[in-house]
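Participant:
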Amino acid sequence: MTLNQQKKIEHTFLFINGLLIVVLLHLVGKIFPLRIDVTEEKRHSISYASKELLRSLDDKVFIEVYLDGELPSGMKRFQKSIQTLLEEFQIYGKENIQFVFKDPSIAASQQSQNTFYKHLIQKGLQPTNLTFKKNDNRIERLIFPGCIISYSQKERAVNLLKGNKNNAPDEILNQSIENIEYNLASAIKTIVQNNVPRIGIVADHHSMDSIYLEGFYTALQEKFIVRNLNLSQQNDIINGYDVLIIIKPTIPFEEKEKYYLDQYLIRGGKLMFFIDALRVNMDSIDADGTYSFPVENGLEDMLFKYGVRINQNFVLDVSCSDIPIVAGNVGNQPRMQMLPWPFFPVISKYSEHSIVKNLDIMQLRFVSTIDTVKAMGIHKTPLLFTSPYSRILNAPVLVRIQDVQGGILPQFFNSPSQPVSYLLEGKFQSFYKNRIPRGVNNYDFLSESQESKILVVSDGDFVRNEINPANGKSMEWGYDPYLKVQYASKDFLFNALDYCIEKDGLILSRNKSIKQRYLDTVKVKQYRNFIQIINIATPLSGIILFGICFWWGRKKKWGK
-4 MTLNQQKKIE
6 HTFLFINGLL
16 IVVLLHLVGK
26 IFPLRIDVTE
36 EKRHSISYAS
46 KELLRSLDDK
56 VFIEVYLDGE
66 LPSGMKRFQK
76 SIQTLLEEFQ
86 IYGKENIQFV
96 FKDPSIAASQ
106 QSQNTFYKHL
116 IQKGLQPTNL
126 TFKKNDNRIE
136 RLIFPGCIIS
146 YSQKERAVNL
156 LKGNKNNAPD
166 EILNQSIENI
176 EYNLASAIKT
186 IVQNNVPRIG
196 IVADHHSMDS
206 IYLEGFYTAL
216 QEKFIVRNLN
226 LSQQNDIING
236 YDVLIIIKPT
246 IPFEEKEKYY
256 LDQYLIRGGK
266 LMFFIDALRV
276 NMDSIDADGT
286 YSFPVENGLE
296 DMLFKYGVRI
306 NQNFVLDVSC
316 SDIPIVAGNV
326 GNQPRMQMLP
336 WPFFPVISKY
346 SEHSIVKNLD
356 IMQLRFVSTI
366 DTVKAMGIHK
376 TPLLFTSPYS
386 RILNAPVLVR
396 IQDVQGGILP
406 QFFNSPSQPV
416 SYLLEGKFQS
426 FYKNRIPRGV
436 NNYDFLSESQ
446 ESKILVVSDG
456 DFVRNEINPA
466 NGKSMEWGYD
476 PYLKVQYASK
486 DFLFNALDYC
496 IEKDGLILSR
506 NKSIKQRYLD
516 TVKVKQYRNF
526 IQIINIATPL
536 SGIILFGICF
546 WWGRKKKWGK
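In this note's numbering, the protein residues as written are -4 to 555.
Printed below as a string of structure tokens:
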């Protein structure tokens, strides 16, 4: 055997061995996947809770994403982020996660396209109009930036384009990318879970008509088992509920009822309070107006013990929603006019907490400021703030339309942002420590709690839905039929419930933050030609240099 033949055999064996090693590494990688996220903010990594959820799937979850076809660059980036995350989901969910991207605009005819659009809207997907340029042509498209998740004959629509409408379009897109994991993982968990959390509504202390609560109950029943709870008929400590919600109490709580709430909290239960500090009648705000007076609900001392105080005032805000008023008559019909109403602040300023991160705007009604007081071991986090152009009016407050019919005068709104919601966390001291009320069983009394949480919002009407002016029926919770705006009330409550119910759960994936790294447009224009030359010349120079080095090496080796 000649030397050349021997070298050819050696090279063949080396090639075959290298090929076998590559195939072996590929097989090992499929069995034991190794993922290394080298991005600074770990944008391609998913949380531990999401991984555990995906590993626990016992059947196939099919995800149809309706974001495909001709899209501008920003939406292409959004689409790529969704695809990358779903591919990451497949690593941990394996064959139980299947997805496909579809273009809803592809149809045989305009009629079938419109029918399909209506079908997606009925399922819960919200359309978005896009206008962009391509090759100097103006293109308009209706897209559905969301998906429908199917599992075991159940479906759930998920809208993925969510962000604060007060921000620029690029920021909204970035916020949506940050929330993709939570929105998808939370929807998957809702559709596959067997142990559905139980929510108790303390419904015997408010005087709100049931038609104004239908949207609230309907929204909660999408993810939870909801039951009304009558504390006055309670004979023992409340059990079996993950969270209790107290809404707009107008009837004072008795000591026995407060004791049951207290001991529920001390045993690790979670409480949410949506409370008005002042009472006002909207039907009397025209003409001479009406005065607002404090609401006696009996919970003030208990909340003070836990660490917060709702002040007896109203916060007015330049950033507010409009309300319809009668501005005259046209024939026999009243003429309606939309009037800015500073008593209804629109909230767009939030803390950095995972409950409210990247949240869209919300509307509150007749809201009050909240102060914190000393409570040992309790961590207090403000969640919602009014705008930097606020005004505080202490009780009694005269509320009337005439004061704002001439317009909102900014010089009177000179107070800074005011907190109107707080989250309290920690080991609470019992309000009834060293003083058990009469008529209750105190043999199992506890004075200090396990780790627990309380959410306080100084707006009892937060849970109230609007009434359709056309047919008098209740509308979706958070939707304003006059301004055609969907507020983020439901997202806020769902985030808060997830945070309270699950310790270190999916809600923590909302903490993901992706930095936007913008190019300096001035320098791009200034050095445009230089950058183009570098981008073209650098790879060509590298190839030429490699060729010269290779030729010189062969000449040196074989030149003799």
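Here a beta-carbon is modelled for each residue, glycine too, at the ideal position from N, C-alpha and C.
1. For TYR417, name the three-state secondary structure that DSSP assigns.
2. DSSP state of ASN292, grouped into three classes?
3. Below 8 Å on the Cβ atoms is my guess for GLN413 versus ILE387; work out the distance and round it to an integer in Å.
4. With a floor of 4 residues, list each alpha helix (DSSP H) that falls wholly inside the region 525 to 552, ordered by position along the chain.
5. Flag this pair as yes or no: are the beta carbons of VAL415 and THR376 separated by less than 8 Å?
6. Note the first and the last residue of the continuous alpha helix (DSSP H) segment covering THR185.
7. Ignoring anything shorter than 4 residues, give me the alpha helix (DSSP H) runs that lie fully in the region 76 to 161, in order along the chain.
8. Can you tell me where the alpha helix (DSSP H) holding ARG50 begins and where it ends?
9. Which of the three DSSP states, helix, strand or coil, is assigned to GLU443?
10. By the 10 Å Cβ neighbour count, where 16 or more other Cβ atoms means buried, how is PHE94 classified, buried or exposed?
11. Within its chain, find whatever has a CB closer than 7 Å to the CB of GLY592; leave out the 5 residues flanking it on each side and keep chain order.
12. Is PHE338 closer than 8 Å to VAL394 when the C-beta atoms are compared?
13. Any idea if ASN276 is buried or exposed, counting beta-carbon neighbours within 10 angstroms, 16 or more meaning buried?
14. Is it buried or exposed for PRO244, if we count other Cβ within 10 angstroms and need 16 for buried?
15. How is the alpha helix (DSSP H) around SER385 delimited, first residue to last?
16. DSSP three-state label for GLN397, please.
17. At what residues does the alpha helix (DSSP H) containing GLY210 begin and finish?
18. When the Cα of THR123 is compared with those of GLU471, SER484, LYS428, PRO140, which residue comes out closest?
19. Find the nearest neighbour of GLU347 within the set ILE496, LEU503, ASN292, judged by alpha-carbon distance.
20. Rounded to a whole number of angstroms, what is the C-alpha to C-alpha distance between ALA560 and ARG523?
21. How close, in whole Å, do the beta carbons of LYS97 and VAL153 come, if the pair is a contact with beta carbons under 8 Å?
22. Whole angstroms is fine: what's the gap from THR367's alpha carbon to GLU90's?
23. In this structure, how does DSSP classify ASP317 when only helix, strand and coil are distinguished?
24. By DSSP, does VAL17 sit in helix, in strand, or in coil?
25. According to the neighbour-count rule (16 or more other Cβ atoms, all chains shown, within 10 Å of its Cβ), is GLN117 buried or exposed?
26. Does HIS6 come out as helix, strand or coil in the three-state DSSP assignment?
Facilitator: With the structure as the only source:
1. In the three-state scheme derived from DSSP, where H, G and I count as helix and E and B as strand, TYR417 is classed as strand.
2. In the three-state reduction of the DSSP assignment, ASN292 falls in the coil class.
3. Correct: roughly 7 Å between the Cβ atoms.
4. Within the region 525 to 552, no complete alpha helix (DSSP H) run reaches 4 residues.
5. VAL415 is not a Cβ neighbour of THR376, given a cutoff of 8 Å.
6. Taken as a continuous stretch (DSSP letters only), the alpha helix (DSSP H) holding THR185 covers 175 to 187.
7. Within the region 76 to 161, the alpha helix (DSSP H) runs of at least 4 residues that lie entirely inside it are, in chain order, 105 to 118.
8. That run of the alpha helix (DSSP H) goes 43 to 50.
9. Strand.
10. The residue is buried, with at least 16 neighbouring Cβ atoms inside 10 Å.
11. Here the chain comprises residues numbered -4 to 555, so residue 592 is not present and cannot be evaluated.
12. At a Cβ-Cβ threshold of 8 Å, VAL394 and PHE338 count as neighbours.
13. Under a 10 Å Cβ-count criterion, ASN276 is classified as exposed, with fewer than 16 other Cβ atoms of the shown protein chains found around its own Cβ.
14. Around the beta carbon of PRO244, 16 or more other beta carbons sit within 10 angstroms, so the residue counts as buried.
15. Run containing SER385: none in the alpha helix (DSSP H); it sits in the beta strand (DSSP E), 385 to 389.
16. When secondary structure is reduced to three states using DSSP, GLN397 falls in the helix class.
17. For GLY210, the enclosing alpha helix (DSSP H) covers residues 209 to 215.
18. For THR123, the nearest C-alpha among the options comes from PRO140.
19. Nearest option by C-alpha distance: LEU503.
20. Nothing can be reported for residue 560, as the shown portion of the chain is limited to -4 through 555.
21. That belief does not hold up - the Cβ atoms of LYS97 and VAL153 are roughly 14 Å apart, past 8 Å.
22. Between THR367 and GLU90, the C-alpha separation is close to 50 Å.
23. Strand at ASP317.
24. VAL17 falls in the helix class under three-state DSSP.
25. Flag for GLN117 reads exposed.
26. The three-state secondary structure of HIS6, taken from DSSP, is helix.
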